[in-house]
Every structure is written in C-alpha cells, then in structure tokens.
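In the working numbering, the protein residues as written are 327 to 431. In this text, a Cβ means the ideal position worked out from N, Cα and C, and glycines have one as well.
Okay, structure coming up:
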C-alpha cells in the first residue's frame, strides 16, 4: 500500500498485517441484534401528554413493523451504567485536609 507523506510529499510503502477473524454464530447473532437495536432506537419518539408527562414509543406507522424490546433493554442498560457511575461519585470520600498543615511543616 502506498501513501503520500504530507510533509515531504514522498510516497512511502506500508505493509499491513491484517488478520481475518471468522465470527462464530453467537458473535454474528449479537452483532445483528445490536444493529436491530440501533434501528429501533432511531425510530423511538418522545410524546408529551396533556398531563405533562412524557412517553417514549415507536411512531404509529412503525408499531406494526417493529418491536421496541431491544430499545427498552438498551435504555435500561444505559440507566444501570449511569447508576454505577453515580455510585462512584456519591460514595467518593471527601478529603478535607487541614489547610494549616500545608502551611506549617
């Protein structure tokens, strides 16, 4: 593979050591489910109710064609990860050091 160097405008040769990895059935199925979940997430809309509450759901024309189970699973996963990160912040010990100890040895 050749490319042109930006600084010297010279062509240089590059060799790539790419390896081909054949996916197992489970890996391929997982990637397909992730792709379907992304497609579902794109089609989720926010509906504001008259009472002031908010509802997230598929568009009416997509309800008969798609499911929203994977999108809800990703939403719950996102909430769970946010809770884990929040625990690190909330449970962090506050190091209230004595400022005078920094001034006087």
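Reducing DSSP to helix, strand and coil, say where residue i ends up.
i           : result
residue 341 : coil
At what residues does the alpha helix (DSSP H) containing residue i begin and finish?
i           : result
residue 395 : 395-416
residue 387 : It is not in any alpha helix (DSSP H) - residue 387 carries neither H nor E in the DSSP assignment.
residue 367 : 351-368
From what residue to what residue does the beta strand (DSSP E) around residue i run?
i           : result
residue 384 : 380-384
With residue i and residue j assumed to form a contact (beta carbons below 8 angstroms), what rounded beta-carbon distance in angstroms separates them?
i           : j           : result
residue 348 : residue 369 : Not confirmed; about 32 angstroms, so no contact.
Just to confirm, are residue i and residue j a CB contact at a threshold of 7 angstroms?
i           : j           : result
residue 400 : residue 356 : no
residue 392 : residue 366 : yes
residue 395 : residue 384 : no
Please return the same chain residues whose Cβ sits closer than 6 angstroms to the Cβ of residue i, not counting the five positions on each side in sequence.
i           : result
residue 382 : 370 and 372
residue 397 : 366, 367 and 370
Is any beta-carbon of chain C found at less than 7 angstroms from that of residue i?
i           : result
residue 389 : Among the protein chains of the structure shown there is no chain C, as only one such chain exists.
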